[in-house]
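Going by my numbering, the sequence shown opens with residue 165, and the numbers climb by one from there.
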Amino acid sequence: MRDRRNFQQPCFVLINVHFCARPWRRTCLTSHDPVGLCVDSGLLPRRREQCSCPFKCCCFSRYFFTRNKSTLVAFAVGKKYEPGNGFNLIGAHTDSPCLKLKPNSASKKSGFLTINAETYGGGLWCTWFDRDLSVAGRVLVREENGKLVHKLVKIERPIMRIPMLAIHLYRDIYREGFKPNNQTHLAPILATSVKAECEGRGQGQEGSSQQHHAALLDILAAELGRSDPADIVDFELNVCDTQAGVIGGAAREFVFCGRLDNLSSTYCAARALVDSTPNEDALSEELSIRGIALFDHEEVGSSSAVGAGGPVMRDAMTRVTRCLSDGHPDAVERCFKKSFLVSADMAHALHPNYPEKHDGDHQPKFHKGLVIKTNVNQRYATNLVSSALFREVGKRRGILCQEFSVRNDSPCGSTIGPILSSSLGCRTVDVGAPQLSMHSIREMCATDDIDLSYRHFVAFFELFSEVDGTLSVDEIPAELPVIDDVPCNTL
165 MRDRRNFQQP CFVLINVHFC ARPWRRTCLT SHDPVGLCVD SGLLPRRREQ
215 CSCPFKCCCF SRYFFTRNKS TLVAFAVGKK YEPGNGFNLI GAHTDSPCLK
265 LKPNSASKKS GFLTINAETY GGGLWCTWFD RDLSVAGRVL VREENGKLVH
315 KLVKIERPIM RIPMLAIHLY RDIYREGFKP NNQTHLAPIL ATSVKAECEG
365 RGQGQEGSSQ QHHAALLDIL AAELGRSDPA DIVDFELNVC DTQAGVIGGA
415 AREFVFCGRL DNLSSTYCAA RALVDSTPNE DALSEELSIR GIALFDHEEV
465 GSSSAVGAGG PVMRDAMTRV TRCLSDGHPD AVERCFKKSF LVSADMAHAL
515 HPNYPEKHDG DHQPKFHKGL VIKTNVNQRY ATNLVSSALF REVGKRRGIL
565 CQEFSVRNDS PCGSTIGPIL SSSLGCRTVD VGAPQLSMHS IREMCATDDI
615 DLSYRHFVAF FELFSEVDGT LSVDEIPAEL PVIDDVPCNT L
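Structural data, given as structure tokens:
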């Protein structure tokens, strides 16, 4: 087993064989910090995406960059890379369903200061009631010299709550079920108006035009070490659960933690890239470019400048290939054809209380490893070739996979896999570790499956180029003439 140091990263810490869930400390739009992982490891130098051809000038040929602090791309160039060779990529997403503060978040009703928040993604919003909540995100602060500085912030203590209506006032819940209105019922309570006034944090009458509650701004300023809340220019804040992730179960086999979808995949991907390239020798036989791409906005469709539907991945692959190809005219096009993407997004484990929700022959279980997702209607990008290659990589390290296909009478979700596969034209397999309670404020998976995910991803980076070399697809039959490297004007 590979040596596993105790990297104090948000969301997960790898100790011995198990991943211990951790409360996240540094957070922007994600609770897990893949940027910190790359920096703290000392292995992946950072490059500014805005610089002209920034990918040539670093030892070991390993780099990463971020876009909007919520999307990250990192890669390591093999020592035997030749122009036109492909990328071996693991893609995942950094976002999860949550409540995000609206531009005018201050609301006041019935003697309470409440927060006007917007639902992001398809969350199980009923699970957000009666939880100890706080905020985390990023803040723009004005320095004394007038510059605007980006700061990450998380308030550790619980400062707000969405209380459930007492059963005595909600008798219909047993007959009709719990049906909260997302506009009127999902407003977190920050304080009472009376208490805020007594502490000098009041803001006038109900309906006041102040953008954010003074009480909230005071808390943020104190956390950022600012004496004047006026230094805060603006912010993007998520409402978040304050309960720490834990290892649970009678046999300590489960992880109980928020945002396992999809921070488990992002951590395993980033950790695998770092650990598979510990030094220059690890890349000495590599023909391709190993990489990860961690995108924002998957939960809302990926159509953004920092989502998988945007230009991030194609731009990065094009620029890196051009920088390494010394003017080869078709290196970029050949690169896309030879590349392979593992789209990593958590899968639905079989629920013991709802077994009828799964196809009887496709029931992912805990402790059995990554799930290969297949859908003939292209909701997943897996096909015969991509699934076979991914299985073979795991088989060579003694790691098995599971299979998932949705019931015919059930809708099927999707991932970044089909989006990137269609935009890049690269081979893609959709996989994910099995979990329960997906999109709840508190989710559940097995410790073994996180470890198996990590090990399978390491195997992918270390073995895929070799395994891919054994594959023969789209070859021209021997009896037909092959026209290769002939100038176009002679055809």
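Idealized CB from N, CA, C, for every residue including glycine.
Could you name the residues that DSSP lists as bridge partners for residue i?
i: Arg325; result: Ile353
i: Lys315; result: Val303
i: Arg231; result: Thr235
i: Met608; result: Phe420, Leu600
i: Asp405; result: Leu297
i: Tyr284; result: Cys262
i: Phe121; result: Missing from the structure shown is residue 121; the chain here goes from 165 to 655 and no further.
i: Phe399; result: Val303
i: Arg226; result: Ala240
Should residue i go down as buried or exposed, given a rule of 16 or more other Cβ atoms within 10 Å for buried?
i: Glu607; result: buried
i: Cys362; result: exposed
i: Val593; result: buried
i: Arg295; result: buried
i: Val313; result: exposed
i: Ser550; result: buried
i: Asp662; result: The structure shown has nothing for residue 662, since the chain only spans 165 to 655.
i: Ser372; result: Low confidence applies to Ser372: its pLDDT is 39, below 50, so where it sits in the model is not reliable, and the reading given next is rough at best. That one is exposed.
i: Thr194; result: Because the pLDDT at Thr194 is just 36, under 50, the model does not fix this residue reliably, and the value given afterwards should be weighed accordingly. That one is buried.
i: Ala414; result: exposed
i: His657; result: Shown here, the chain extends from 165 to 655; a query on residue 657 therefore has no answer.
i: Asp336; result: exposed
i: Leu644; result: exposed
i: Tyr518; result: exposed
i: Glu626; result: buried
i: Gly389; result: exposed
i: Tyr618; result: buried
i: Ser636; result: exposed
i: Lys521; result: exposed
i: Arg423; result: buried
i: Tyr227; result: buried
i: Ser574; result: exposed
i: Gln599; result: buried
i: Gly310; result: exposed
When the Cα of residue i is compared with those of the options, which residue comes out closest?
i: Lys264; options: Trp289, Val305, Pro247, Glu417; result: Trp289
i: Pro393; options: Asp382, Gly589, Val403, Ala623; result: Asp382
i: Phe530; options: Thr538, His515, Leu548; result: His515
i: Leu534; options: Leu616, Asp494, Leu548; result: Leu616
i: Gln566; options: Ala513, His603, Val470; result: Ala513
i: His603; options: Arg390, Cys262, Lys272, Asp523; result: Cys262
i: Ser578; options: Tyr284, His349, Gly465, Tyr518; result: Gly465
i: Glu246; options: Arg486, Leu548, Ile614; result: Arg486
i: Lys501; options: Thr230, Leu458, Ser586; result: Ser586
i: Glu630; options: Leu447, Arg306, Gly310, Ala238; result: Leu447
i: Gly255; options: Phe621, Leu329, Asp638; result: Phe621
i: Ile563; options: Ser569, Lys343, Phe554; result: Phe554
i: Tyr284; options: Ser260, Ser271, Arg306; result: Ser260
i: Gly286; options: Asn309, Glu462, Phe628; result: Glu462
i: Ala657; options: Tyr227, Phe229, Leu236, Glu450; result: This structure leaves residue 657 out entirely; the chain is present only between 165 and 655.
i: Phe239; options: Ser391, Phe251, Arg231, Lys233; result: Phe251
i: Gly301; options: Val540, Gly633, Glu400, Arg571; result: Glu400
Taking the continuous alpha helix (DSSP H) assigned at residue i, which residues delimit it?
i: Tyr338; result: 337-340
i: Lys501; result: 495-502
i: Asp479; result: 476-489
i: Ala386; result: 378-387
i: Ser586; result: 580-588
For the beta strand (DSSP E) that contains residue i, what are its first and last residues?
i: Pro519; result: Counting along the chain, Pro519 falls outside any beta strand (DSSP E), and DSSP gives it neither H nor E.
i: Gly558; result: First-last for Gly558: 548-559, but that is the alpha helix (DSSP H), not the beta strand (DSSP E).
i: Phe568; result: 566-568
i: Ile536; result: 535-537
i: Val257; result: Note that residue 257 corresponds to His in the displayed sequence, not to Val. Run containing His257: 251-257, per the beta strand (DSSP E) assignment.
i: Ala412; result: With the sequence shown as reference, residue 412 is identified as Gly, and Ala is not the correct amino acid for it. Unbroken beta strand (DSSP E) run through Gly412: 410-412.
i: Leu458; result: 453-459
Our contact map puts residue i next to residue j with C-beta atoms below 8 Å; I'd like the distance itself, whole angstroms only.
i: Arg321; j: Thr406; result: 7 Å
i: Asn426; j: His257; result: 5 Å
i: Leu253; j: Ala379; result: Going by Cβ atoms, the distance from Leu253 to Ala379 rounds to 45 Å, so no, they are not a contact pair.
i: Ala597; j: Glu417; result: So it is not a contact: roughly 14 Å between Cβ atoms.
i: Ile614; j: Ser428; result: 6 Å
i: Val595; j: Lys559; result: The Cβ separation is near 14 Å, so there is no contact.
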